[in-house]
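Everything below concerns the one structure shown next.
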């Protein structure tokens with residue numbers, strides 16, 4: 001349960017102060033699937049950073065599972081990021097010089113989990129996102145979609161309650177985007193709260209609720225009536241692709 | 001974050017920039033290397049000196065002239081030896097010598113020679129090993145016999161062998177007079193530091209003859225110094241003062257003689273050695289500090305290069321101390337490894353130099369351990385600032401950093 005009460009965030013001070021968020025109140029229950037939308041500069045990323053305990057609000061209160069985040073030390077916040085929250089970024093943010101497997105193991109290293117269990121759980125997470133055969137590859141040897149799947153595996157490996165994704169499909173083609181959304185929908189089905197920052201309405205259409213920001217204010221909060229099923233769309237796209245390939249081949253044959 | 005994981009990460013980070021890590025480490029390697037080598041050599045020199053002085057005997061007093069401003073009556077003679085033995089019951093043993101700079105006649109001309117007129121007790125104060133033969137006896141001295149002791153290098157050079165007992169050596173005096181001397185002993189110069197260092201250089205040959213023989217041949221009965229061994233338990237300082245008083249009384253003069261104990265000399269030489277090694281140590285420490293600044297510098301570069309990595313680590317749950325530990329481990333690994341390499345190089349160099357100047361090497365394990373743990377400590381000191389800087393980075397800023 002995330003309770004955001006009258007949150008404000010001001011960057012800088014004096015005449016150069018910028019209000020990134022002003023008086024935002026929103027509640028997100030366990031197991032929700034929410035898209036945060038809005039133009040750039042609207043404050044949606046700032047909100048995500050605050051929810052993700054990477055940043056602290058200037059005013060207002062943020063209560064995460066009955067704990068007021070204001071009261072927590074830096075190390076306690078680090079522990080929350082490690083165990084309760086999984087991050088997925090637009091630019092993947094994998095460590096470039098280590099294998100996909102080692103990247104997925106990293107959160108467990110900081111959680112103090114032993115070598116053997118780390119390895120098993122990382123392999124499990126990678127096979128869940130369909131990358132069992134790419135575990136020993138370094139990020140530079142993976143496609144964008146594959147990198148983002150590694151990032152999702154890393155985000156889910158410590159079994160967090162919340163997954164925060166900041167423009168997770170921003171650098172991906174539509175097919176890969178759909179594959180990523182399949183992962184998020186399946187995680188949400190298992191009860192994980194998923195928040196996605198996006199400016200693509202189609203991506204937002206996969207979620208169950210959309211909150212829209214503008215100039216640091218929450219301007220709209222509505223439920224999505226019939227969320228799109230990423231799996232179905234993906235199936236359709238794959239079929240269309242196959243047909244066009246066949247068609248192209250037939251063209252060549254005739 | 002467990003230790004092995006930290007270790008692996010640091011190792012990977014260091015091996016990613018092999019050349020850079022290597023060059024950074026060189027500063028510390030050089031510092032530790034010079035430190036260990038200096039300590040090894042100065043320890044070897046000290047223990048060598050102690051051994052040499054011990055051979056001479058710690059209870060020895062050397063009586064010399066205090067000044068060059070001497071009258072005929074001030075000169076010490078053989079008679080003074082008798083005066084001393086008669087006047088001081090503390091004396092256990094006494095010897096004296098006089099060095100004449102002269103020449104020795106060879107088949108194809110003359111060669112410079114140091115002719116040492118000695119008494120039979122001389123070897124008690126001056127260690128001497130014989131290849132063949134013996135030293136002068138009391139009767140050689142009393143009988144003014146024409147006998148000589150040569151060095152093994154002299155024997156090999158002019159006779160081709162050391163077995164030359166009974167052979168003839170002709171010494172020359174200022175008037176061109178020649179005296180034929182019979183070889184009764186060949187002494188070994190092996191293990192003599194200066195002889196081996198100066199091997200191949202044409203120094204005057206060293207010949208030892210009975211004091212009485214040289215006295216009459218050169219027409220000079222004075223001695224350069226008198227060496228006195230006192231009985232065990234006698235205070236060297238007061239014995240020395242008593243000696244000087246006695247001789248001043250006999251010669252009716254003042255402030256002409258000086259009594260030095262071997263212990264005094266040993267201390268003086270030890271002090272000089274100590275100062276030299278201190279200066280060298282300071283230089284070594286400066287090298288270490290400069291090397292350490294290199295490490296700080298390169299770690300700061302490394303932090304800047306990895307701002308994004310630090311941001312990622314923080315986002316997935318790394319605490320400040322995890323980040324601090326990560327960079328400290330790298331720093332300690334660099335300095336620790338440098339320390340090991342430096343110690344290795346230092347010990348090898350110390351051994352090589354020792355063997356060149358023929359001093360047995362002395363390895364002080366305390367110094368080796370100190371050098372190693374010192375390097376590790378340096379790693380912590382030099383790593384703290386960059387590590388702290390990395391840990392204090394703002395996670396959001398770091399994640400945005402390109």
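Chains as they are written, first to last, in the UniProt record's numbering: chain H, 1 to 254; chain S, 1 to 402.
Where is the CB? At the ideal position from N, CA and C, for every residue including glycine.
No experiment lies behind these values; they were computed from the predicted model shown.
Rounding to the nearest angstrom, what Cα-Cα distance links residue 116 of chain H and residue 123 of chain H in this structure? Within the first chain, the letter at position 116 stands for residue 116 of chain H. Within the first chain, the letter at position 123 stands for residue 123 of chain H. Roughly 11 Å separates the two Cα atoms.
is_contact[residue 330 of chain S, chain H] using C-beta, thresh 8 Å: Here residue 330 of chain S refers to the residue found at position 330 of the second chain. So, not an interface residue.
Could you confirm whether any beta carbon from chain H is found closer than 8 Å to the beta carbon of residue 304 of chain S? As a working mapping, residue 304 of chain S is identified with position 304 in the second chain. For residue 304 of chain S, the closest Cβ of chain H is not nearer than 8 Å.
Where do the N-terminal and C-terminal ends of the alpha helix (DSSP H) with residue 51 of chain S fall, by residue? Here residue 51 of chain S is taken as the residue at index 51 of the second chain, counted from 1. Run containing residue 51 of chain S: 18-56, per the alpha helix (DSSP H) assignment.
Output, in chain order, the set of chain S residues within a Cβ distance shorter than 7 Å of residue 160 of chain H. Within the first chain, the letter at position 160 stands for residue 160 of chain H. Within 7 Å Cβ-Cβ: nothing; residue 160 of chain H doesn't reach chain S, min ~10 Å.
Does any residue of chain S have a CB that is nearer than 8 Å to the CB of residue 11 of chain H? Along the first chain, one-based indexing puts residue 11 of chain H at 11. Cβ-Cβ to chain S under 8 Å: no for residue 11 of chain H.
Classify residue 216 of chain S as buried or exposed, calling it buried when 16 or more other Cβ atoms lie within 10 Å of its own Cβ. Locating residue 216 of chain S in the second chain gives position 216, where the first residue counts as 1. Within 10 angstroms of the beta-carbon of residue 216 of chain S lie fewer than 16 other beta-carbons, which makes it exposed.
To test your reading of the DSSP string, which unbroken alpha helix (DSSP H) runs of 4 or more residues are found completely within the region 280-327 of chain S? Every alpha helix (DSSP H) stretch that sits fully inside the region 280-327 of chain S and reaches 4 residues is listed by chain position as 307-315.
Report all residues from its chain with a CB closer than 6 Å to the CB of residue 300 of chain S; omit the five preceding and five following residues, and keep chain order. Your numbering for residue 300 of chain S matches position 300 in the second chain. Closer than 6 Å at Cβ, skipping near neighbours: 386.
Which full runs of the alpha helix (DSSP H) of 4+ residues lie inside the region 160-222 of chain S, going along the chain? The region 160-222 of chain S contains these whole alpha helix (DSSP H) runs: 193-197 and 211-218.
Taking residue 108 of chain S as the reference, give the member of S:158, S:122 and S:67 with the closest Cα. Looking up residue 108 of chain S in the second chain gives position 108. Out of S:158, S:122 and S:67, S:158 has the C-alpha closest to the C-alpha of residue 108 of chain S.
What did DSSP end up calling residue 74 of chain S once you bin it into helix, strand or coil? Position 74 of the second chain, counted from the first residue, corresponds to residue 74 of chain S. Reduced to three states, the DSSP call for residue 74 of chain S is helix.
Given a cut-off of 8 Å on the beta-carbon distance, is the pair residue 90 of chain S and residue 250 of chain S in contact? As a first step, residue 90 of chain S is located in the second chain; it is residue number 90 there, counting from the start. As a first step, residue 250 of chain S is located in the second chain; it is residue number 250 there, counting from the start. No Cβ-Cβ contact shorter than 8 Å links residue 90 of chain S with residue 250 of chain S.
Compute the Euclidean distance between the alpha carbons of residue 52 of chain S and residue 187 of chain S, then round it to the nearest angstrom. One-based indexing of the second chain puts residue 52 of chain S at position 52. One-based indexing of the second chain puts residue 187 of chain S at position 187. Their Cα atoms are separated by approximately 17 Å.
Compare the beta carbon distance of residue 74 of chain H and residue 320 of chain S with 8 Å and say whether it is the shorter of the two. In the first chain, the residue the question calls residue 74 of chain H occupies position 74. In the second chain, the residue the question calls residue 320 of chain S occupies position 320. Residue 74 of chain H places its beta carbon less than 8 Å from that of residue 320 of chain S.
Using a C-beta cutoff of 8 Å, does residue 310 of chain S count as contacting chain H? Indexing the second chain from 1 puts residue 310 of chain S at position 310. Not an interface residue.
Any chain S beta carbon closer than 8 Å to residue 62 of chain H: On the first chain, position 62 is the one that residue 62 of chain H refers to. It does not: the Cβ of residue 62 of chain H has no partner Cβ on chain S nearer than 8 Å.
Report buried or exposed for residue 371 of chain S, applying the criterion of at least 16 other Cβ atoms within 10 angstroms of its Cβ. Position 371 of the second chain holds residue 371 of chain S. Buried, since its Cβ has 16 or more Cβ neighbours within 10 Å.
Do we get a CB-CB distance below 8 Å when we pair residue 197 of chain H with the residues of chain S? Start at 1 with the first residue of the first chain, and residue 197 of chain H comes out as number 197. Not one chain S Cβ lies under 8 Å of residue 197 of chain H.
Who are the near neighbours of residue 241 of chain S in its chain, counting only those whose CB is closer than 8 Å to its CB and skipping five residues on each side? Here residue 241 of chain S refers to the residue found at position 241 when the second chain is read from its first residue. Once the five neighbours on either side are set aside, the close Cβ partners of residue 241 of chain S are 259.
Have a look at H:185, H:29, H:142 and H:83 and flag the residue whose alpha-carbon is nearest the alpha-carbon of residue 316 of chain S. As a working mapping, residue 316 of chain S is identified with position 316 in the second chain. For residue 316 of chain S, the nearest C-alpha among the options comes from H:83.
So that I know if they touch, is there some Cβ in chain S lying closer than 8 Å to that of residue 81 of chain H? Taking the first chain and counting its residues from 1, the one referred to as residue 81 of chain H is at position 81. True, the Cβ-Cβ gap to chain S drops below 8 Å.
Distance, Cα to Cα, residue 254 of chain H vs residue 218 of chain H? The sequence position of residue 254 of chain H within the first chain is 254, counting from 1. The sequence position of residue 218 of chain H within the first chain is 218, counting from 1. In this prediction, residue 254 of chain H has a pLDDT of 49, which is less than 50 and means its spatial position is unreliable; what the coordinates show is noted afterwards. Distance between the alpha carbons of residue 254 of chain H and residue 218 of chain H: 58 Å.
Output, in sequence order along the chain, the residues in the region 123-157 of chain H whose CB is closer than 9 Å to any CB in chain S. Answer set for the region 123-157 of chain H: 154 and 155.
With a threshold of 8 Å between beta carbons, is residue 213 of chain H in contact with chain S? Taking the first residue of the first chain as position 1, residue 213 of chain H is located at position 213. Put simply, the CB of residue 213 of chain H is far from chain S, with every gap to its CB atoms at 8 Å or more.
Check the DSSP bridge columns for residue 114 of chain S and list the partner residues they point to. Taking the second chain and counting its residues from 1, the one referred to as residue 114 of chain S is at position 114. According to DSSP, which records beta bridges pairwise, residue 114 of chain S is partnered with S:101 and S:206.
CB-CB under 6 Å to residue 63 of chain H, same chain, minus the five flanking residues each way: which ones, in chain order? In the first chain, counting from the first residue as 1, residue 63 of chain H sits at position 63. Excluding positions up to five away in sequence, the list reads 3.
Would the beta-carbon of residue 134 of chain H fall within 8 Å of that of residue 155 of chain H? Looking up residue 134 of chain H in the first chain gives position 134. Looking up residue 155 of chain H in the first chain gives position 155. In this structure, residue 155 of chain H does not lie closer than 8 Å to residue 134 of chain H by Cβ.
Interface partners of residue 106 of chain H on chain S, CB under 9 Å: Working through the first chain from its first residue, we reach residue 106 of chain H at position 106. Ordered by position in chain S, the residues that pass the 9 Å Cβ test against residue 106 of chain H are 312, 313, 316, 317 and 318.
Chain-ordered neighbours of residue 54 of chain H on chain S, where CB pairs are closer than 7 Å: Indexing the first chain from 1 puts residue 54 of chain H at position 54. In chain order: 315, 395 and 396.
Contacting residues, own chain, Cβ-Cβ under 7 Å from residue 228 of chain H (five flanking each side not counted): In the first chain, counting from the first residue as 1, residue 228 of chain H sits at position 228. Within the same chain, and ignoring the five residues on either side of residue 228 of chain H in sequence, the residues whose Cβ sits closer than 7 Å to its Cβ are 205 and 206.
At the level of alpha carbons, what is the spacing between residue 224 of chain H and residue 208 of chain H? Position 224 of the first chain, counting from 1, holds the residue named residue 224 of chain H. Position 208 of the first chain, counting from 1, holds the residue named residue 208 of chain H. Each residue's Cα considered, the two are about 5 Å apart.
Less than 6 Å between C-beta atoms, sequence neighbours within five positions excluded: which residues of the same chain meet that for residue 127 of chain S? Here residue 127 of chain S is taken as the residue at index 127 of the second chain, counted from 1. Beyond the five residues adjoining it in sequence on each side, residue 127 of chain S comes within less than 6 Å, by CB distance, of 55 in the same chain, given in chain order.
Any beta carbon from chain S within less than 8 Å of residue 78 of chain H's own beta carbon? Counting from one through the first chain, the residue named residue 78 of chain H turns up at place 78. Chain S contact via Cβ: present.
Would you verify that the beta carbon of residue 254 of chain H is, or is not, closer than 8 Å to some beta carbon of chain S? Against the first chain, residue 254 of chain H aligns to sequence position 254. For residue 254 of chain H, the predicted model reports a pLDDT of 49, less than 50, meaning its position is unreliable; a value from the coordinates is still stated below. So no, residue 254 of chain H is outside the interface.
Using a C-beta to C-beta distance shorter than 8 Å, which residues of chain B count as neighbours of residue 74 of chain H? Going by chain labels, chain B is absent from the structure shown, which instead holds the protein chains H and S.
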